[in-house]
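This report refers to the structure that appears directly beneath it.
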Amino acid sequence: MSRNELEPAVEEKIQYIVVRIGDEQYGINIAYIDNIVRMQSITRVPKTLPCYIGVINLRGEVVPVMSVRRKMHLSEDVFEKSTRIIILKLEELGPVGVVVDAVSEVVSLGDSQIEKNVQSANKNDLDFISGVGKNGDQLISILDINKITAEDNVQ
Numbered sequence: 033m034s035r036n037e038l039e040p041a042v043e044e045k046i047q048y049i050v051v052r053i054g055d056e057q058y059g060i061n062i063a064y065i066d067n068i069v070r071m072q073s074i075t076r077v078p079k080t081l082p083c084y085i086g087v088i089n090l091r092g093e094v095v096p097v098m099s100v101r102r103k104m105h106l107s108e109d110v111f112e113k114s115t116r117i118i119i120l121k122l123e124e125l126g127p128v129g130v131v132v133d134a135v136s137e138v139v140s141l142g143d144s145q146i147e148k149n150v151q152s153a154n155k156n157d158l159d160f161i162s163g164v165g166k167n168g169d170q171l172i173s174i175l176d177i178n179k180i181t182a183e184d185n186v187q
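Just so we're aligned, residue 33 is where the sequence shown starts under our numbering, counting upward by one.
The following block contains the structure:
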């Protein structure tokens, strides 16, 4: 037997930033995240899609800002000290900011810790969730960033 056959396979883990939206914990794959900034003045832009709340000036670049709460048909955003704008880097759209209530931690999850076949009473939840991660006693809904930012399902 070779040495590799004796060693257990090491599961590849992906890092997720854990954010709070309402009372729920969500995970965003860290590969999509460019920056996390404190809440700042958002300039409204008329005649935009309802889930976009405006734009911010981030080091001289105009970045559109989306409300994940609106996208997921949750209650309106309440801006508090803990509110953050997560700047996502997306090939097709460029940078996009998403508002979250708070950022708590970074966790590493492997495939064995993520349940892909998720059931929910509310189908809207499932449109944007790719699975539920188990981190100890904590359950973290994994956001599908491509579906959240896709314009074909923008509400």
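Here a beta-carbon is modelled for each residue, glycine too, at the ideal position from N, C-alpha and C. Values in this document were obtained by computation on a predicted structure and should not be read as measured data.
Terminal residues of the continuous alpha helix (DSSP H) containing K179?
Position 147 of the sequence shown, counted from the first residue, corresponds to residue 179. Looking at the DSSP string, the run of the alpha helix (DSSP H) that includes K179 is 177-181.
With DSSP as the reference, identify every bridge partner of L171, one or two as the case may be.
Position 139 of the sequence shown holds residue 171. For L171, which the question treats as bridged, DSSP gives the partners K166.
Neighbourhood of M98 by C-beta distance below 8 angstroms, restricted to the same chain and skipping five residues each side:
For the purposes of this step, residue 98 is taken as the residue at position 66 of the sequence shown. The answer, listed in chain order, is C83, Y84, I85, V128, G129, V130, V131, I180, T181.
Nearest to N149 by CA position, among G165, S140, N178, Y48, is which residue?
By 1-based counting over the sequence shown, the position of residue 149 is 117. Checked all of G165, S140, N178, Y48; the closest Cα to N149 is G165.
Would you call the CB atoms of R116 and I53 closer than 7 angstroms?
Locating residue 116 in the sequence shown gives position 84, counting from the first residue. Locating residue 53 in the sequence shown gives position 21, counting from the first residue. The Cβ atoms of R116 and I53 do not sit closer than 7 angstroms to each other.
Around the C-beta of V4, are 16 or more other C-beta atoms found within 10 angstroms, so that it is buried, or is it exposed?
This structure cannot speak to residue 4, because the chain is shown only from 33 to 187.
Can you give me the Cβ contacts of I46 inside the same chain, cut-off strictly under 8 angstroms, excluding the 5 residues immediately before and after it?
Residue numbering aside, residue 46 sits at position 14 when the sequence shown is read from its first letter. So the qualifying residues of the chain are N61, I62, A63, S140, L141, G142.
Does the distance from the C-beta atom of D66 to that of K121 stay below 7 angstroms?
Position 34 of the sequence shown, counted from the first residue, corresponds to residue 66. Position 89 of the sequence shown, counted from the first residue, corresponds to residue 121. Against a cut-off of 7 angstroms, the Cβ pair of K121 and D66 comes out as a contact.
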